[in-house]
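Please read the structure below before turning to the comments.
Numbering (UniProt numbering), first residue to last: 1 to 145.
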């Protein structure tokens, strides 16, 4: 900002723009500092302390799991299908996702654990779902993973 002698009393706007850090860390208060530089001794940098304006960056990130497919298809003859999993925001520490079939007699999922590190939270990891014959004539089955 530059103030001229003839317009010293005209306010000038400062725009502050927040950025998402992809971390669920709550609202963050950040200090914006205003200091002066001038050949006018009254406004020289050493004349007074900088002024601090606090800006609050509202956190919009949410922890959660993302999947590449809402459904996959297998067969009782050992058919397989795959979907991918990643986190919706960067964690502060490692996150382990447990993967399990609600009926392992029908389908199994592998691997059974996915580990996401803070530096690779958004790198998709594959889960393979394999169908198994349960020797029961029961038609198509929907099984949750």
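We treat Cβ as the ideally placed atom computed from N, Cα and C, and that holds for glycine. Note that the structure is predicted; figures quoted are calculated from it, not measured.
| Asked | Found |
| --- | --- |
| By Cβ distance, which residues of its chain are closer than 6 angstroms to residue 53, with the 5 residues on each side in sequence left out? | 32 |
| Using the beta-carbon count (16 or more within 10 Å), is residue 34 buried or exposed? | exposed |
| Among 89, 43, 59, 123, which residue has its Cα nearest to the Cα of residue 4? | 43 |
| Spatial neighbours of residue 99 within its chain, please: CB distance less than 6 angstroms, with the 5 preceding and 5 following residues excluded, ordered by chain position. | 109, 112, 127 |
| Under 7 angstroms: does the beta carbon of residue 76 sit that close to some heavy atom of the ligand HEM? | The ligand HEM is not part of the structure shown, which contains no ligands of any sort. |
| DSSP puts residue 100 in a beta bridge; with which residues? | None; residue 100 has no bridge partner. |
| Within its chain, find whatever has a CB closer than 6 angstroms to the CB of residue 37; leave out the 5 residues flanking it on each side and keep chain order. | 45 |
| Beta-carbon within less than 8 angstroms of residue 134's beta-carbon, same chain only, minus the 5 sequence neighbours each way: which residues are those? | 76, 105, 106 |
| Excluding the 5 residues preceding and the 5 following residue 50 in the sequence, name in chain order all residues of the same chain whose CB lies nearer than 7 angstroms to its CB. | 33, 34, 35 |
| Compute the beta-carbon to beta-carbon distance between residue 22 and residue 61, rounded to the nearest angstrom, for a pair I have assumed lies under 8 angstroms. | 6 angstroms |
| Are residue 68 and residue 124 closer than 8 angstroms when you measure CB to CB? | yes |
| Below 6 angstroms CB to CB, which residues in the same chain sit around residue 129 once its five sequence neighbours on both sides are set aside? | 72, 74, 81, 107, 109 |
| Taking only the alpha-carbon atoms, compute the straight-line gap between residue 143 and residue 56 and give it to the nearest angstrom. | 45 angstroms |
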